[in-house]
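Chains W and C, in that order, are what the protein sequence lines are.
Position one of the first sequence corresponds to residue 41 (the numbering used here), numbered consecutively onward.
Position one of the second sequence corresponds to residue 633 (the numbering used here), numbered consecutively onward.
One structure is given here, and the rest of the page talks about it.
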Amino acid sequence: MPNGIVAGADPHGHGHHPALQHHFQTLDQQHEASTLGMWVFLVTEVMFFGGLLMAYLLYRVWYPEAWAEGSLDLDIRLGGFNTVVLIASSLTMALAVRAAQTGAQRATVRWLLATMVLGVTFLGVKVIEYAEKFELHHVPGANFVYEGPHGRQVEIFFSLYFGLTGLHALHMIIGVGLLSVITWMASRGRFSTEWYTPVEISGLYWHFVDIVWIFLFPLLYLVDRAHHFA
Amino acid sequence: MTTIVIPRVNYLNVKTTVASWLLTRDHKRIGVMYLVVVALAFFLGSVFAAGVRIELTTPEGDFVSADTYNRLFTMHAVFMVFFVLIPVVPAILGNFVMPLMIGAKDVAFPTLNLLSWYVFVTGFLFTIAALALGGVDTGWTFYTPYSSNVSESNVLLAGIGIFITGFSSILTGLNFMVTIHRMRAPGMTWFRLPLFVWALYATSLVMILGTPVVAITVGMVALERAFGFGIFDPRLGGDPVLFQHLFWFYSHPAVYIMILPPMGVISEVIACFSRKNVFGYSFVAFSSLAIAVFGFLVWAHHLFVAGISPYSAMVFSFLSFAVAIPSAVKTFNWTATLYKGAIWWRAPLMWVFGFLGLFLVGGLTGLFLASLGLDVHLHDTYFVVAHFHYIMVGGAIMGFFAGLHFWWPKMTGRMYSDGLATVAALLVFVGFNLTFFPQFILGYLGMPRRYHVYPEEFQVLNVLSSSGASVLAIGYSLVAIYLVYSLFRGERAGANPWLATGLEWKTESPPLPHNFPETPIVNEGAYEYSKREVKVA
């Protein structure tokens, strides 16, 4: 029997959910496509950070002393504080998704706002850290100054520090922008127990950005600390 | 054929304003929009190639200076690689026919699809800006430290252009992958998928995993140039070879982004014009995935003479040979499909024959280059230039034209002149061999690539090569002429001029705005030609 075009294959007609786009058959299909799309996107993000991490790995093996020196110059209190802030933001984000799933509109907005506040706090602390590096002439380039036997390789360390944390901060800024749109949508009552896909996939993105920091913090701030404080 | 019904409302005439094109989310229109930009890039790239071939007709540097020559071959490659070869089949043909083939109304993310096109055009404009300000002289490979610390050409602008274009490729790959997973019509199981869809799936895998790496690598070079960061800078202890590793980690798999989709096209066209099921369907499907996976494990064969350890070189050499296995599976299975088929001599099949011959030569010479000892002699010679042109132009572009001739009636609703298309295929095949076969010999004799002057004894072969390029130009121009002519004067094609299987032939030509009047239901494999009435002349 050849392939046929069968009438009435779309049982949904025109009385469908307002969020259902025309090219999907069901909300479930749309939800699964969006979620898969975000997961695939996060895979590309892993590879994106992966290029910089590969460079980090090579030079750390080649220049362990420079890595230890450069790392000691980073402010572990500010970095540690930011780590706590981001982990807390992951919790509030998870609670926002949970609230959206259960249809609790006010709670969704509240937890999303809390997540954004924590995200902005992180970025504020990052600005303080960058300003300090700028004053110490630890920003790579023509004005870079670093006294010490491994100064040149320390410049590579700082290039990768700014490359990695800068790229991460850019992702945070995009994340806060994304959440402000989602918060606005949530406050307008766009989500329901039937359809909360945007909250969920924004959550996936936010958790990913947090996880990147969970790797960056020890890789950049905690190189050889134990040895120096023992 | 009796009466041909022209759909009253189709994707082309549903709305005709400029805004309806620029804001469209229809995958078919987006495919056509890619065709326009890629054709422009192909024209630009060809002009630079012409400059290179004119310079090389004489041994002296009498047409352009050495510096201009560097810019000519770099801009040729930048346009051809990033703006032609990578998008040509997936973004044009893939966008147009893949959702039709799986019985979907559109790709999973239509707005993202439109965004990909804009991202692509933005990257293209940056590269045009780099060109307008004098071009780039580093070669398309952007090797450090020349690109990061030395070159005074517009590396930063071109780098930004390539960085941006990369995201277009990533988003297209993401969109295709989700579409193939989630948008298949009822009954369209994985093993009923047309092989072109399998090829696009494998390609998406490479786009998703490889492209971000080259994006960040180009980004690191940009940071070095713009802000004086030092990641590859040898003065600080940075490693330029690290750049080569990161660059080829993408740019070798990128070869498979270029060749896998045309391979999928070949499977479609061969099945149709031999009126047979594709021999060993699942082997051909899985060989696409195997090529995508192996493709990620061979990059260091570009670095055999860059001082990498002999042990890793041996492993990479072995793995490079291994890529030949899935490629050979495909080639043998295509031949077996043709064998005892009811061959229908039509233009798309002529382009396929061109592909088969040229891809075979390109693939086998790749084995020469994968051999450690031979590569030391052949590295950076015209042998390499000839080899990759056989794969990329002989393989990918011939495959694209096979697909374009196959689906042109579907895209436009019009037939082109089959006789002229056959002549064009022959001209391109002959012109191509005349251009690039002499370069194998030149390379073997030791002529290095990327120089604008050469010893006098190489002139005969270079003149042959340049004259072949002229034949090639005539062939490509002929294609442009009869295809454009067909838009206005071509016969109406009807829904299925090739009596082909596949859902894209179930809808009208040109297709309806939402592809199908009702969602199709699939209950058989992709190439059931044996069950089909054959009324071919």
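The beta-carbon is built from N, C-alpha and C at its ideal position, and this holds for glycine as well.
Because the structure is a prediction, the values reported are computed rather than measured.
Residues are counted here when their Cβ sits less than 9 angstroms from a Cβ of chain C; for the stretch 88 to 108 of chain W these are F88, F89, G90, G91, L92, M94, A95, L98, Y99, W102, Y103, A106, given in chain order. A straight line joining the alpha-carbon of W:K173 with that of W:V179 spans about 6 angstroms.
Contact annotation: C:T700 and C:G755 have beta-carbon atoms that are not nearer than 8 angstroms. Segment contact: the stretch 221 to 231 of chain W against the stretch 141 to 153 of chain W, three or more CB-CB distances shorter than 8 angstroms; contact assigned.
The C-beta separation of W:F197 from W:W107 comes to about 6 angstroms, placing the pair in contact by the 8 angstroms criterion.
In the DSSP assignment, W:P238 falls within the alpha helix (DSSP H) that extends over 237 to 261. Contact between C:P731 and C:V739 holds: CB atoms are separated by about 6 angstroms, below the 8 angstroms threshold. Counting only residues of its own chain and dropping the five nearest sequence neighbours on each side, W:I116 has a CB closer than 8 angstroms to the CB of Y261, L262, R265. For the pair C:V716 and W:H57, the Cα-to-Cα distance works out to about 41 angstroms.
Residues of the stretch 893 to 910 of chain C whose Cβ lies closer than 8 angstroms to any Cβ of chain W: none. Below the 8 angstroms Cβ cutoff, chain W contributes no neighbours of C:G1078, its closest Cβ being approximately 34 angstroms away.
As summarised for the stretch 645 to 711 of chain C, the continuous alpha helix (DSSP H) elements at least 4 residues long and confined to that stretch are 650 to 654, 659 to 687, given in chain order. Under the three-state reduction of DSSP output, C:R1124 falls in the strand class. The beta-carbon separation of C:V768 and C:S785, rounded to 5 angstroms, stays under the 8 angstroms limit for a contact. Per DSSP, the continuous alpha helix (DSSP H) segment holding C:W983 begins and ends at 979 to 1002. Looking at the DSSP output, W:N122 bridges to nothing. Annotation: Cβ neighbours of W:L76 in chain C (cutoff 7 angstroms, chain order): V810, H813, R814. Only residues of its own chain outside the window of five on either side were considered, and among them A979, M982, W983, G986 have a CB closer than 7 angstroms to the CB of C:A1057, listed in chain order. Residue state for C:T1013 is assigned as strand, using DSSP reduced to three classes. Closest in alpha carbon position to W:E169, among W:V137, W:W253, W:T205, W:E109, is W:T205.
Any Cβ of chain C closer than 8 angstroms to the Cβ of W:V239 would place that residue at the interface, and such an atom is absent. Around C:T849, the same chain offers L878, F879 as residues with beta carbons nearer than 6 angstroms, after the five sequence neighbours per side are excluded.
C:L1059 sits in a helix when the DSSP states are folded into three classes. Residue pairing by DSSP leaves C:N642 without any beta bridge partner.
Cβ-Cβ separation between C:S1097 and C:P1070: approximately 5 angstroms, consistent with a contact (criterion under 8 angstroms). C:V670 sits buried, since 16 or more C-beta atoms from the chains shown fall within 10 Å of its C-beta. For W:Q193, the enclosing alpha helix (DSSP H) has its first and last residue at 191 to 227.
As DSSP reads the structure, C:L1144 sits in a beta bridge with C:N1147. In this structure, the beta-carbon distance from C:Y775 to C:Q876 falls below 8 angstroms. Three or more beta-carbon pairs separated by less than 8 angstroms link the stretch 904 to 916 of chain C to the stretch 959 to 972 of chain C, which places the two stretches in contact. Secondary structure within the stretch 95 to 183 of chain W: not one fully enclosed beta strand (DSSP E) run of 3 or more consecutive residues is present. Contact between C:Y833 and C:M815 is ruled out by a C-beta separation of about 12 angstroms, above the 8 angstroms threshold.
Residue environment: W:M156 is assigned as buried (16 or more neighbouring CB atoms within 10 Å of its CB, all protein chains considered).
Note: C:R867 is not bridge-paired with any residue in the DSSP secondary-structure output. Under the three-state reduction of DSSP output, C:R1046 falls in the strand class. For C:M946 against C:S920, the beta-carbon gap comes to about 27 angstroms, at or over 8 angstroms, which does not count as contact.
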